[in-house]
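Counting with the working numbering, you get residues 165 to 330 for the letters of the sequence shown.
What follows is a short report on a single structure.
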Amino acid sequence: ETVTWLLTQEKGASTPKDVHIDWTCVSGEGVLLEESAMMLLSRYHLNLKDGVMPTAIVGISISGIPLASIIAVNEGSRLAIYHPSKHSTSDTPMGSMSGNFGIHPGDQCVIIDDVITSGDTLHEVVSYLKRHGATPLACCVLFDKRGIREIEGVPVYSLFRISRID
């Protein structure tokens, strides 16, 4: 979203306020990454009401993939990988599911990412899954910059909510 904003704004326009989250001390250490993924999984299970277990864990490229991989192993679920439109180099950018790590119609999916900045990527993934016959059960993220509780009726569970104090 930052790149799009930079390319589409007039010169002299004010910059939107944001915060950068550097979690490389965790993401770069396998043990800490696994513990973070397990905390996300616990957060999901604590809110599980209907007992529907996921058949696919959808990691959003790039940073959601390692978290989703760990969670998929622990859940005994398939791993799916979603490439958001913001990573597309096409003239008409659109998101896509990995050919090797895809979903199937009827899949019950939990979506995994590291950070919600605007919520646009999660909206994109939820819509994609629904259009392709899968059911998104939840979105799980480490950091939420927006305080989003649900997207298109799908609950959002975060470990940390980030807010600015001006």
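For each residue, glycine too, the CB sits at the ideal point set by N, CA and C.
DSSP three-state call for Ile221: helix, strand or coil?
In the structure shown, Ile221 adopts extended strand secondary structure according to DSSP, grouped into three states.
Between which two residues does the beta strand (DSSP E) carrying Val320 extend?
It spans Val318 to Arg325 - the beta strand (DSSP E) in which Val320 sits, taken as one unbroken run.
The region 291-302 touching the region 259-277, judged by at least three CB pairs closer than 8 Å:
Contact between the region 291-302 and the region 259-277 is established, with three or more Cβ pairs separated by less than 8 Å.
Exposed or buried, which one is Met327 when buried takes at least 16 other CB atoms within 10 Å?
The question names Met, but residue 327 in the sequence shown is Ser. Exposed: under 16 other Cβ atoms inside 10 Å.
Are Asp214 and Lys309 closer than 9 Å when you measure CB to CB?
Taking 9 Å as the Cβ cut-off, Asp214 and Lys309 do not qualify as a contacting pair.
As a quick exercise: from His247, Arg313, Ile312 and Ser322, pick the residue whose alpha carbon is nearest that of Glu288.
When His247, Arg313, Ile312 and Ser322 are compared, the shortest CA-CA separation from Glu288 is found for His247.
Starting from the C-beta of Ala236, find all residues in its chain whose C-beta is less than 6 Å away, skip the five residues before and the five after it, and write them out in chain order.
Around Ala236: Ile221 and Leu243.
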